[in-house]
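Here's the structure, in structure tokens; my notes come after.
Numbering (this note's numbering), first residue to last: 467 to 902.
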């Protein structure tokens, strides 16, 4: 057996070329999206065969794509999209660097309201932008970030500790002590002009920050609506490892993707997925779509396009579930566009490479069942919460490790297993236990 190749050696994808869409092969309820070919150190072999399920319509994604293409290339947009609902202002689309790191998106999505800890977090997150400066000149900017974070921690430590859940105060205080020591170590790294050591230390410090912020969440923050209360619900966070067998790739035999699921912002959607994982629903299933825009799976064999609950012999469906920034609970069964919330921000935006969401029928908001997809597209012109997918499809997690390798996955590759590695205690109403 060939050795398993490490999944930590390649750089992110860069989109290169859009090509014509194809129509679905199984059902007209799901439409395909524009495709592009992508290249890394390994050529990604895109498949043009049958691909089951479609996460969103051509109409829905084309507007943002055309807008970005028009801004970059000057190619005119198509008249067919002139009658679409209003888009966010162009100034929103191009203002500020988008948050594309899945870890950062998950940290900012936690249901906390502690300004002091966010003032420590932000300059540490900003180190990623500072490191985009060439050479050791980046370290001057990094040094300012570290000093700002250190000053914020010293001034706000008492307020941060007061915001911790009572049972977690001791652990949180220990984490803050480690954070202080770590920032002193990062300061010395900068003084030694050791640029290569900055990013690993930043990752360590942000892990401390994320743990402290999670310790501020004391229980589940709201009640799920009564009509969904008996469904499998994930009341908190969970993580799974998805092991994929990659075929016909001499440089990659298999890869394990770590996925963090966010039940704080999508309890019904994430709970449904964890329940299916515990049923081993996805184990042995093939990747059914990989076109350079998304990777998709979850359509079982047979006529049904979702999970058929053996206890009812009916397809289990879940409602569209979107958490709006600033709200205490998600909205259900309607897109933000349908609600007239064109500029509302979602807590879990479609902006990280490897954003995970539910596929559904184009004109039926509450038709999601088991089909899932991962978005492969990043766009500097489309910041978080300003693209055509946000508020239309239910995001419930992000790939946080080896996400770049999703682009090497192709139609026919096999999900050997998806295993829950943490968060089982957060799953309530698990139907897999009832089914035995």
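Ideal Cβ positions, reconstructed from N, Cα and C, are used throughout, including at glycine.
Worksheet item: Quick one: what does DSSP say residue 510 is sitting in, helix, strand or coil?
Response: Any reading at residue 510 needs caution, since the residue's pLDDT is 33, under 50, leaving its predicted position unreliable; the model's value is listed next. Three-state result, residue 510: coil.
Discussion item. Taking only three categories from DSSP, how would you classify residue 616?
Written reply: Helix, per DSSP.
Item to complete: Throw me the rounded Cβ distance for the residue 642 and residue 582 pair, which I believe falls under 8 Å.
Response: Contact flag wrong, Cβ pair sits at about 11 Å.
Worksheet item: Under a Cβ-count criterion, where at least 16 other Cβ atoms within 10 Å of its own Cβ denotes burial, should residue 778 be classed as buried or exposed?
Response: Exposed: under 16 other Cβ atoms inside 10 Å.
Worksheet entry | Residues near residue 627 by beta carbon distance below 8 Å, same chain, minus five either side | 635, 638, 639, 642.
Item to complete: Would you mind listing the beta strand (DSSP E) stretches within the region 700-739 that are 3+ residues and don't spill past its ends, in chain order?
Response: Unbroken beta strand (DSSP E) stretches of 3 residues or longer found wholly inside the region 700-739: 703-711, 720-728, given in chain order.
Worksheet item: Buried or exposed: residue 679, going by 16 or more other Cβ atoms within 10 Å of its Cβ?
Response: Under this definition residue 679 is a buried residue.
Fill in: alpha helix (DSSP H) segments (min. 4 residues) lying fully within the region 765-820
Segments of the alpha helix (DSSP H) lying fully in the region 765-820: there are none.
Practice prompt. Identify, in the order they occur along the chain, each residue of the same chain with its Cβ nearer than 6 Å to the Cβ of residue 898, setting aside the five sequence neighbours on each side.
Written response: 741, 744, 745.
Worksheet item: Straight-line CA distance for residue 805 to residue 830?
Response: Just so you know, the alpha carbons of residue 805 and residue 830 end up roughly 15 Å apart.
Discussion item. Spatial neighbours of residue 842 within its chain, please: C-beta separation below 8 Å, excluding the five flanking residues on both sides.
Written reply: Cβ neighbours of residue 842 within its own chain (closer than 8 Å, five residues either side excluded): 479, 504, 758, 759, 760, 761, 819, 820, 872, 873.
Discussion item. Taking 7 Å as the threshold (C-beta atoms), are residue 700 and residue 729 in contact?
Written reply: When the beta-carbon positions are compared, residue 729 and residue 700 come within less than 7 Å of each other.
Discussion item. Using DSSP's beta-bridge definition, name the partner residues of residue 747.
Written reply: Residue 747 is not bridged to any residue.
Worksheet item: Helix, strand or coil for residue 637 per DSSP?
Response: Here residue 637 sits in helix by DSSP.
Fill in: Residue of 881, 726, 811, 585 minimising C-alpha distance to residue 705
The candidate whose alpha carbon is nearest that of residue 705 is 726.
Discussion item. Beta-carbon within less than 7 Å of residue 513's beta-carbon, same chain only, minus the 5 sequence neighbours each way: which residues are those?
Written reply: Low per-residue confidence applies at residue 513: pLDDT is 36, beneath 50, and the placement is therefore not dependable enough to give any value.
Discussion item. Please classify residue 860 as buried or exposed, where buried requires at least 16 neighbouring CB atoms within 10 angstroms.
Written reply: By the 10 Å Cβ count, residue 860 comes out buried.
Item to complete: Could you please give the first and the last residue of the uninterrupted beta strand (DSSP E) stretch that includes residue 762?
Response: 760-763 is the extent of the beta strand (DSSP E) around residue 762.
Worksheet item: Which one of 810, 794, 786, 808 has the shortest CA to CA distance from residue 424?
Response: The structure shown has nothing for residue 424, since the chain only spans 467 to 902.
Worksheet item: For the 8 Å Cβ check, are there 3 or more pairs between the region 570-585 and the region 611-623?
Response: A contact exists between the region 570-585 and the region 611-623.
Fill in: residue 633 versus 666, 605, 681, residue with shortest Cα-Cα distance
For residue 633, the nearest C-alpha among the options comes from 681.
Item to complete: Use the C-beta contact count for residue 538: other C-beta atoms within 10 angstroms, 16 or more gives buried, fewer gives exposed.
Response: Here residue 538 scores only 41 on pLDDT, less than 50, and its place in the model should not be relied on; the value that follows carries that caveat. Here residue 538 is exposed. Its C-beta has fewer than 16 other C-beta atoms within 10 Å.
Practice prompt. Throw me the rounded Cβ distance for the residue 718 and residue 569 pair, which I believe falls under 8 Å.
Written response: Contact between residue 718 and residue 569 does not hold, since their C-beta atoms are separated by about 23 Å, which reaches or exceeds 8 Å.
Practice prompt. Mind the definition here: the region 688-703 touches the region 596-612 only if three or more C-beta pairs lie below 8 Å; say whether that holds.
Written response: Per the Cβ contact rule, the region 688-703 is not in contact with the region 596-612 (fewer than 3 Cβ pairs under 8 Å).
Item to complete: Look at the alpha carbon of residue 549 and the alpha carbon of residue 807, and state the distance between them as a whole number of angstroms.
Response: With a pLDDT of 32 at residue 549, under the threshold of 50, the modelled position of that residue is not reliable, and the figure given next carries that caveat. Approximately 18 Å between the Cα atoms of the pair.
Discussion item. Restricting to Cα atoms, I'd like to know which of 663, 652, 824 is closest to residue 737.
Written reply: Ranking the options by Cα distance to residue 737, first place goes to 824.
Worksheet item: Quick one: what's residue 961 bridged to in DSSP?
Response: This structure does not reach residue 961, given that the chain is present from 467 up to 902, and the question cannot be answered.
Fill in: CB of residue 764 within 7 Å of CB of residue 838, strictly
Taking 7 Å as the Cβ cut-off, residue 764 and residue 838 qualify as a contacting pair.
Worksheet item: Can you tell me the Cα-Cα spacing of residue 857 and residue 840, whole angstroms?
Response: Those two C-alpha atoms are separated by around 16 Å.
Worksheet item: Got a sec? Which residues, its chain only, sit under 7 Å from residue 712 by beta carbon, not counting five neighbours each side?
Response: For residue 712, where only same-chain residues beyond five positions count, the Cβ hits under 7 Å are 718, 719, 720, 721, 874, 875, 879.
Worksheet item: By Cβ distance, which residues of its chain are closer than 8 Å to residue 667, with the 5 residues on each side in sequence left out?
Response: Within the same chain, residue 667 has close Cβ partners 648, 651, 652, 655.
Worksheet item: Pick from 600, 601, 565: whose alpha carbon is nearest that of residue 591?
Response: Checked all of 600, 601, 565; the closest Cα to residue 591 is 565.
Fill in: Proximity below 7 Å, CB of residue 783 to CB of residue 774
No, Cβ-Cβ distance for residue 783 and residue 774 is not below 7 Å.
Fill in: Supposed close pair residue 622, residue 586 - CB separation, criterion 8 Å
7 Å between Cβ atoms; contact.
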